[in-house]
Structure formats: C-alpha cells, structure tokens
Amino acid sequence: MLLNVEKHSSTIIFDLDGTLVDSLNGIGLAMEKTLAGFGYDIKIDNILPRIGAPMIQVVEELTNENSSKINIIYEQYLNIYRKDYLHEILPLDGANNLIDNLYKNHFSLAIVTNKTEYDAKSVVKELDWIKQFKIIVGRDTKKLPKPHPEGTIYALNRCNSEPQNSVFVGDTEYDMAAGKNAGVKSLIGLLGSRSASQLKNAGATQVASNLAEVEEIILHR
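Next comes the structure, spelled out in structure tokens:
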C-alpha cells in the first residue's frame, strides 16, 4: 500500500552496521585479529560493546597508544577487515523489505555511519541498495563522526528535509545522540547491541525489536 506522499514525505536516516546489515561479528573479529598482531590479547567480547564508535576511537580506548601508533593499528584493521570480512556482510532480516517499501512510498533514504564512506558504499553496492539511498555519509565524509550531528545535518540538507520531519534509526547510543543533536524528532532504537534502557537514555523516542517493527513505526507514525 502506498501512503499519501505529501502527508508522510520525509527522510529516514539509517545507521548501517547492526541496523541494516549483520556485520558486528566480522568487525569484532577483524579488530581482534589486528590487535593480536600488535601483541594485544583482547578478545571479541571486549570489542563488541564498543562498536558504534569510530573504530579508530575503539583502537585508542583498547590500547592507550600514542596517536601515531593508533593510526598504524587502525590502518591495519581496515586492511584485514576489507580483505577478510567486508564482502561477507549480509542484510539483517527484514532489511530488504523495509528499504523497498520505504522507497516505494517515496521516502528519502540516507545512511549515516561511522564506517568509512568507501566501506559503507561498498556494502550498499554489494547488497544492490545503491539506487534507493540518496546519500551515504561515512565517518570521513565530513569532519566529525557520530555522535556529532554534522553528518546527520549534512544528509538532511542533501535530501532537502527538515529534522523535525525525519527519522533516525540506529542500534547504538551514538546513533540516538547524533539524531537528537541534529534535532531529529523521531529516534528509533533497534535492540541488539544495546538494551532498551541504553537506547532510551541516549534519546530514543521508540524502541523496536526488529526491522519489521521499525517499518510499522515509520509507516504509521
């Protein structure tokens, strides 16, 4: 069913990892392998709760190294991730239906992620979603990554949308904060990597257990 476009037209901004795609385990394994190569015995269980922040920040938090060494470790992480894990990413259950239905209902779709823009676009192209998304904003597209609102504001401007008429969907506190800081009215927290209380404390106006629930919230708000 198509909705009244004028009444419901707005931009839906999505995070990528853990929101639309099943990628968190690969990210964690790539970081675990990277850190092991530099002599750190840090297991994936200590890495996964930090995903959502820019991965260079994760390196800094886990190693307490100087900025030069952090950059070296981060670049090696990117190499390992791109070689071994990037092209194994699959959509989360309901992602294809959600994207297709929102696109058919003439919503503008955007991605704002703390992945690099290159990696985010690689994933979106591989999953054949590129035509549905008007803009893909990575951590390096603009100067400041999430939770700073710069990338979110940039995406809204590119979609000619006002924040109060838009939605941000994500699975971490970084997503909720980025949307809230940009003035986005509707913030949908997707359960998985964070609890409902963590998402609500970060600003989520609603919480969903899966992407089918996200679709229901958006189409009937």
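Heads up: the sequence shown begins at 682 in this note's numbering, then just goes up one per residue. From the three backbone atoms N, C-alpha and C, an ideal C-beta is built for every residue, glycine too. Since we're looking at a predicted model, the values are computed, not measured.
If you reduce the DSSP assignment to three classes, tell me which class residue i lands in.
i, result
"Gln813", "coil"
"Pro828", "coil"
"Glu741", "helix"
"Ser876", "coil"
"Leu684", "Note that Leu684 has pLDDT 41, beneath the 50 cutoff, so the model's placement of it is unreliable and the number below is only indicative. In the structure shown, Leu684 sits in coil (DSSP, three-state: anything other than H, G, I, E or B)."
"Leu808", "coil"
"Asp781", "helix"
"Leu697", "coil"
"Glu894", "helix"
"Tyr766", "coil"
"Gly860", "helix"
"Gly718", "helix"
"Glu798", "helix"
"Glu746", "coil"
"Asn882", "helix"
"Ile751", "helix"
"Ile708", "helix"
Classify residue i as buried or exposed, calling it buried when 16 or more other Cβ atoms lie within 10 Å of its own Cβ.
i, result
"Lys902", "The question names Lys, but residue 902 in the sequence shown is Arg. Exposed is the call here."
"Val686", "Unreliable placement is indicated for Val686, whose pLDDT of 35 sits below 50; the coordinate value is still reported in the next sentence. So Val686 counts as exposed."
"Val895", "buried"
"Glu741", "buried"
"Glu713", "buried"
"Tyr799", "exposed"
"Glu897", "exposed"
"Ser867", "buried"
"Glu756", "exposed"
"Gly970", "With the chain covering 682 to 902 only, the question about residue 970 has no answer from this structure."
"Ile780", "buried"
"Asp852", "buried"
"Ala877", "exposed"
"Ser748", "exposed"
"Ser890", "exposed"
"Ala893", "exposed"
"Ile737", "buried"
Hey, residue i and residue j are a contact pair by Cβ (cut 8 Å); roughly how many whole angstroms apart?
i, j, result
"Leu729", "Lys796", "With a Cβ gap of about 16 Å, Leu729 and Lys796 do not count as contacting."
"Cys840", "Lys815", "5 Å"
"Ala717", "Ile761", "With 8 Å as the limit, Ala717 and Ile761 do not qualify as a contact, their Cβ atoms being about 10 Å apart."
"Ile725", "Gly709", "4 Å"
"Asn864", "Gln845", "The question names Asn, but residue 864 in the sequence shown is Gly. Indeed they touch by this definition, with Cβ atoms about 7 Å apart."
"Val888", "Leu872", "6 Å"
Who pairs with residue i in a beta bridge, going by DSSP?
i, result
"Leu868", "Phe849"
"Thr692", "Ser789"
"Gln887", "Ile869"
"Ala734", "Ile732"
"Leu900", "None, per the DSSP bridge assignment."
"Pro772", "Val702"
"Val818", "Val793"
* Taking one C-beta from the stretch 800-819 and one from the stretch 752-771 each time, how about it: are there three or more such pairs within less than 8 Å? -> yes
* Asked: So, do the stretch 834-847 and the stretch 785-795 have three or more beta carbon pairs nearer to each other than 8 Å?
  -> yes
* Evaluate contact between the stretch 852-868 and the stretch 819-835, counting only Cβ atoms and requiring at least three cross-stretch pairs below 8 Å. => yes
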